Structure formats: C-alpha cells, structure tokens
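Visitor:
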Amino acid sequence: MRLIEETLSIPINSIPRGTTRETFTIQMKKVLWDIPDADFSSEEGTLDLDIIRTEYEIIVRGFLDAEFTVPCARCLAPVVFTVTEGIERMYSWNPDMLSDPEVEPVSHNDGTVCILDPVREAIIFSLPAMPLCKQDCRGLCPKCGINRNFEECEHGFEA
Ligand SMILES: [Zn+2]
Ligand SMILES: [Zn+2]
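Taking my numbering, I'd label the letters of the sequence shown as residues 420 to 578.
Shown next, in the form of structure tokens:
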C-alpha cells in the first residue's frame with residue numbers, strides 16, 4: 420500500500436483485495452493537519468492501518484501514535500498530549516451505499532481514499548477540554564500578565 424503523506428491519501432490501486440495490515444511512519448510536520456492551536460511536536464508518528472477491501476467498499480480502521488502540543492489553558496505553556504482515539508471509516512463507490520451518511524465516497528478525481536478527516540477527528544477528540552501544564556498551574560496574572568508559576572506580583576492570587 421502507498422500513503423501520500425501530505426493529505427493522508429491512499430491510492431485505491433495500491434490497496435489489494437481482502438485484508439491488509441500496514442504500519443506507516445509519518446513525518447508529522449508534512450501533513451496538512453489544519454488543527455488550530457495544536458502543534459505537532461514529535462517528528463514522526465506511526466499510523467497503524469487495517470484495511471478491508473471488498474467489491475464495493477473499503478473499510479479503514481487504524482490508530483495514530485503521535486505526540487502533539489497545545490497551550491496550557493491557564494498559562495499558555497506547551498502541554499504534550501498523545502492521541503487516544505482510533506479511527507474507523509467506510510468508503511464506497513456504490514451509489515446505493517452512499518445514501519448512508521456514515522459512508523464516504525471514494526474520490527474518482529484522483530482515485531484515492533482520504534483518511535485525513537478521520538485521523539484529524541481522532542486527534543481533536545483526544546484533546547482535553549482544559550489542557551493544563553500541571554494540575555495546580557497558577558496561570559497568568561489577569562492584571563499584569565506575569566506567569567504566576569514562576570513569579571510573584573503585587574496583585575495577589577485568587578484561584
Ligand atoms: Zn499552565
Ligand atoms: Zn500581577
């Protein structure tokens with residue numbers, strides 16, 4: 420199987436019939452993630468894919484093992500996270516199946532299956548609602564903006 424890194428697309432003609440299991444190493448910074456605030460700190464990620472190809476459909480299951488950073492909700496320091504969610508998506512070129520909203524079309528323009536969306540969703544679902552650099556992060560002073568983890572100011576501290 421072949422994987423186009425920038426768009427996480429797999430050319431259909433590289434997917435054999437039946438079940439294929441393959442692990443890809445991805446240069447994380449090359450992929451067009453388009454996820455606001457997330458910065459991909461790890462140089463490389465590992466994408467494990469199980470792909471089942473039948474006559475009319477392609478089922479993709481997988482997991483991205485990678486680290487990324489988001490700003491701490493209180494002090495904006497970078498916080499490292501790993502992806503915890505897996506992906507599962509079905510693609511088809513059978514018009515009868517495409518009425519199912521869970522089924523995505525195979526792109527006939529370039530003959531690829533694009534898994535960027537499900538992988539992006541897995542990353543976003545892995546994001547904590549309130550990322551913290553540490554549980555007791557004291558945050559930035561709302562008056563003068565100093566980082567209260569490292570400095571004191573005259574404005575006191577109300578948690
Ligand atoms: Zn913090
Ligand atoms: Zn202050």
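Cβ coordinates follow ideal geometry from the N, Cα and C atoms, glycine included.
Remember, it's a predicted structure, so these values are computed and weren't measured experimentally.
In the DSSP output, which residue or residues are listed as bridge partners for Ile477?
Guide: Counted from its first residue, the sequence shown places residue 477 at position 58. Answer by DSSP bridge pairing, in chain order: Arg472 and Tyr510.
Visitor: Is the beta carbon of Val450 sitting closer than 9 Å to the one on Leu427?
Guide: For the purposes of this step, residue 450 is identified with residue 31 of the sequence shown, where counting begins at 1. For the purposes of this step, residue 427 is identified with residue 8 of the sequence shown, where counting begins at 1. Yes, the Cβ-Cβ distance between Val450 and Leu427 is below 9 Å.
Visitor: When you get a sec, list the residues whose CB is within less than 7 Å of any heavy atom of ligand 1, chain order please.
Guide: Cys491, Arg493, Cys494, Ala496, Leu551, Cys552, Lys553, Cys556, Gly558 and Asn568
Visitor: Which value, in whole angstroms, describes the spacing of the CA atoms of Asp529 and Pro430?
Guide: What you label residue 529 is simply residue 110 of the sequence shown in a count that begins at 1. What you label residue 430 is simply residue 11 of the sequence shown in a count that begins at 1. If I take the Cα positions, the gap works out to 8 Å.
Visitor: Where does Asp453 sit, in a helix, a strand or coil, going by DSSP?
Guide: Taking the sequence shown and counting its residues from 1, the one referred to as residue 453 is at position 34. Reduced to three states, the DSSP call for Asp453 is coil.
Visitor: Pro524 lies in the beta strand (DSSP E); which residues open and close that run?
Guide: Translated into the one-based positions of the sequence shown, residue 524 becomes position 105. Per DSSP, Pro524 belongs to the beta strand (DSSP E) from Val522 to Pro524.
Visitor: Pick from Val489, Trp452 and Asp519: whose alpha carbon is nearest that of Cys533?
Guide: Here the question's residue 533 lines up with position 114 in the sequence shown. The option with the nearest alpha carbon to Cys533 is Trp452.
Visitor: Does the beta-carbon of Val499 have 16 or more other beta-carbons within 10 angstroms, so that it is buried, or is it exposed?
Guide: Counting from 1 along the sequence shown, the entry for residue 499 is found at position 80. By the 10 Å Cβ count, Val499 comes out exposed.
Visitor: Rounded to whole angstroms, what's the CA-CA distance from Asn543 to Ile454? Just pull it up for me.
Guide: One-based indexing of the sequence shown puts residue 543 at position 124. One-based indexing of the sequence shown puts residue 454 at position 35. For the record, residue 543 in the displayed sequence is Ile; it is not Asn. Computed Cα separation, rounded: 8 Å.
Visitor: From Asp415 to Val489, what distance separates their C-alpha atoms?
Guide: Beyond the ends of the chain as shown, which are 420 and 578, falls residue 415; an answer cannot be given.
Visitor: For Gln554, list the residues DSSP reports as bridge partners.
Guide: Within the sequence shown, numbered from 1, the residue matching residue 554 stands at position 135. None; Gln554 has no bridge partner.
Visitor: Can you give the Cα-Cα distance for Glu540 and Pro435, rounded to whole angstroms?
Guide: Within the sequence shown, numbered from 1, the residue matching residue 540 stands at position 121. Within the sequence shown, numbered from 1, the residue matching residue 435 stands at position 16. Each residue's alpha carbon lies about 26 Å from the other.
Visitor: Less than 9 Å between the C-beta atoms of Phe487 and Thr465, yes or no?
Guide: As a working note, residue 487 is residue 68 in the sequence shown. As a working note, residue 465 is residue 46 in the sequence shown. No, the pair does not count as a contact, with Cβ atoms beyond the cut-off.
Visitor: To the nearest angstrom, how far is it from the Cα of Leu535 to the Cα of Ala548?
Guide: If you number the sequence shown from 1, residue 535 lands on position 116. If you number the sequence shown from 1, residue 548 lands on position 129. Distance between the alpha carbons of Leu535 and Ala548 is about 22 Å.
Visitor: Classify Arg508 as buried or exposed, calling it buried when 16 or more other Cβ atoms lie within 10 Å of its own Cβ.
Guide: The sequence position of residue 508 within the sequence shown is 89, counting from 1. Arg508 should be labelled buried.
Visitor: Counting C-beta neighbours from all protein chains within 10 Å, is the total for Phe459 16 or more, i.e. buried, or is it exposed?
Guide: Position 40 of the sequence shown, counted from the first residue, corresponds to residue 459. It counts as buried.
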